[in-house]
Structure formats: C-alpha cells, structure tokens
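Contents: one structure, followed by commentary.
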Amino acid sequence: MKYYLFIFSFIIILTNGQSIITPNFSIKTSPYEVTNYGISSYNIYYRVNFLDNALSSTSNKEVMCILELGDNNISKFLDYNQIKIDSLDERFSGQDRIGSEEMADYLKVRVLWNNVVFKNNNLLIVQDRFKSVYQYEENQPKLNWNLESGEKILLGSKCNNATVHYRGRDYIAWYTTDIPINNGPYIFGGLPGLILEIEDVDKKYTFEAVGITKTPKPIYLRKEKNILKTTREKFRNVQRAYKENPSAFYSGKAYNEDGTPIVLKQQNIKYEPMEIE
2 MKYYLFIFSF
12 IIILTNGQSI
22 ITPNFSIKTS
32 PYEVTNYGIS
42 SYNIYYRVNF
52 LDNALSSTSN
62 KEVMCILELG
72 DNNISKFLDY
82 NQIKIDSLDE
92 RFSGQDRIGS
102 EEMADYLKVR
112 VLWNNVVFKN
122 NNLLIVQDRF
132 KSVYQYEENQ
142 PKLNWNLESG
152 EKILLGSKCN
162 NATVHYRGRD
172 YIAWYTTDIP
182 INNGPYIFGG
192 LPGLILEIED
202 VDKKYTFEAV
212 GITKTPKPIY
222 LRKEKNILKT
232 TREKFRNVQR
242 AYKENPSAFY
252 SGKAYNEDGT
262 PIVLKQQNIK
272 YEPMEIE
C-alpha cells in the first residue's frame, strides 16, 4: 500500500500543516504475496542523494537504501523504508480493511527512492509504484567499464576507481577487491569487487556505502496479481507522467476542515530520470 495515497480519496483534516486522519477513516488493505529467494549474506547500506527535478537545483533528496546480496548471483536494491512498508502490508494483509490507527503506522514511514531493483544472474527486474505497481524485465545491461588509477579508502577498505557511460550519464565508481563481489547499488556491477561509491559527473545521483552487515535478511520480490507488467519504454513513460503530475492519477478528493475541497496545485516539476536514454 502506498501509505499516503488516501489523501486523494478520503476525507482528512489539515491542522497547522499536519495531516490528521478522521476517526472513522477506513480503507481496503493491499494484497501481499512474494517470491522468496533465500537470505542475504551481505547487506550494504548506501546513503543516496539525488536530484530528479530539472527545474530546481535545491530539491535534493537524501535516503538510506540497502543492497541485499544473496547466493547464486541474486541481489536486491531498495529504499530501506520500503522494507518497513512491506512489513506493514504483510501484517495487515489478513484484514479486509484498516482504520486510522493502522494508517498512522504507514504515515510514519516515507519512501523516497521508489525503484526496487532485483538482479538474478543476467536478469534484471525493476518495480516502481505510480498509483499501481509497474514492473519490467530486461537483460542486465552491459557496462563497459574503464579501470582507472585512482585509489582511496572507504569503510576501511582500499578502493580503486573506474568510469562508465550508462544510458546518458557518465559515472565514477569506487570498488574494493577486499570484497570480491561484482555487484553494487542500483543496476551497477561487473567490476572486480563491490562498488562502495558511485556518482555521475554532474553529482545529481550519488551512492555512498555507509555500513556493511552480515545479518541474514530475507530476499523477496513482490508478486501480487495486480502488478502491471510492461516494457521498459512504457514504464518510463508512466514514470515521467506520474513524477510531473501525480494528482492526475487520482480521481478522489480531499477536504479542508470547513468542508471545502482541497485544490491540489500542479507542481512545477520537470522530471529528470536517472536513465536519460
């Protein structure tokens, strides 16, 4: 469940800039079904900074993401808060509806990095929510890395750098052979070691490892029947439309305390995706 979507479809009270859920609030629960792919052997936590609004140089977002590395070349990269949302979806999936108390739990969690990137050997699966969850699959993109001569220390490990051009952006990566796993955040991988840091040369997308644990975590992929499977091209078209005008995806209304409808202003956004091409 996208935990804040109810604002478009149900009555709320806005007081001092805060959303207060009406006591009689009720909404149907989301389905919850997953495919399990074992447990992680490494969990790498990345601080992700990104700027996806081309019209604002100050709308930078920072989020904590996690790369879960499992056996047989399986991995998953996602916003850490998405795991919390999934946990709530699982907890409430046995109920027909939830009320204001349960919705308050959702409102405590905010997902900023919406892509879930799942790698299974040469297969890449990407999921994102634009009102509904969309999914596309493709072969893992081939990355033509150039190994460079730079060195630095990250998380106590010696790192070497490499550069690559990927779908419209040039990236500089730092990887460590101390952890000889050819993986990294988002879709990146294919180097002689784990990528601990990578950013594009314009510094609009930065991934920096801030911690590594070996606490086993379940690696799973949502597989509800209402997930819309599509092509990458159609996925990107819906993504742009949603990012630039999310209110257009909802037909419901929200109301002020005096009963007047809340007018959702068109945001001044020109979405600039990470993958330009």
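First residue of the sequence shown? That's 2 in my numbering, and the numbers climb one at a time after it.
Where a beta carbon is used, it is the ideal one built from N, C-alpha and C, also for glycine.
Within a 10 Å sphere around the beta-carbon of Glu234 sit fewer than 16 other beta-carbons, which makes this residue exposed. Judged by DSSP secondary structure, Asn184 falls outside any beta strand (DSSP E); it is assigned neither H nor E. Take the alpha-carbon of Arg237 and the one of Ser133: they are about 14 Å apart. Per DSSP, Ile84 is one residue of the alpha helix (DSSP H) stretching across Tyr81 to Phe93. In chain order, Leu125 and Arg233 place their CB closer than 7 Å to the CB of Glu139, counting only its own chain and leaving out the 5 sequence neighbours on each side. CA-CA distance, Ala163 to Lys62, rounds to 25 Å. Within the segment 90-157, the complete beta strand (DSSP E) runs of at least 3 residues fall at 98-100, 117-121, 124-131, 133-140 and 147-155. In terms of Cβ geometry, Gln128 and Arg223 form a close pair [threshold 8 Å].
In this structure, Glu102 is the residue among Asn54, Glu102 and Phe78 with its C-alpha nearest to the C-alpha of Leu89. No Cβ-Cβ contact shorter than 8 Å links Arg170 with Ile28.
With distances taken between CA atoms, Cys160 lies nearest to Tyr176 out of Ile84, Ala242 and Tyr176. When Lys153, Glu149 and Lys143 are compared, the shortest CA-CA separation from Tyr167 is found for Lys143.
Note on geometry: alpha-carbon atoms of Gly190 and Ile220 lie some 18 Å from one another. Contact between Phe119 and Lys77 holds: their C-beta atoms lie close to 5 Å from each other, under 8 Å.
Remark: fewer than three beta-carbon pairs, one from each stretch, lie closer than 8 Å, so the segment 147-158 and the segment 103-112 are not flagged as touching. With contacts defined as CB atoms closer than 8 Å, Cys66 and Tyr43 fail to qualify as a contacting pair.
DSSP places Lys235 in the uninterrupted alpha helix (DSSP H) bounded by Arg233 to Glu245. In terms of CA proximity to Lys205, Glu273 leads the group Glu273, Ile188, Ser94 and Pro247. Here DSSP, grouped into helix, strand and coil, assigns Leu52 to coil. Runs of beta strand (DSSP E) with 3 or more residues, each lying fully within the segment 197-223, are found at 206-214 and 219-223, listed in chain order.
Per the C-alpha coordinates, the member of Glu69, Met275 and Pro32 positioned closest to Ser41 is Glu69. For Val211, the closest C-alpha among the options Tyr172, Tyr33, Val35 and Ile45 is that of Ile45.
If you compare the alpha carbons of Arg48, Thr231, Gly39 and Asn54 with that of Arg241, the shortest gap goes to Asn54.
Glu63 is bridged by DSSP to Asn50.
Gly71 is the residue among Gly71, Tyr33 and Ser60 whose C-alpha sits nearest the C-alpha of Lys215. Distance between Asn116 and Phe93, taken at the CA atoms: about 23 Å.
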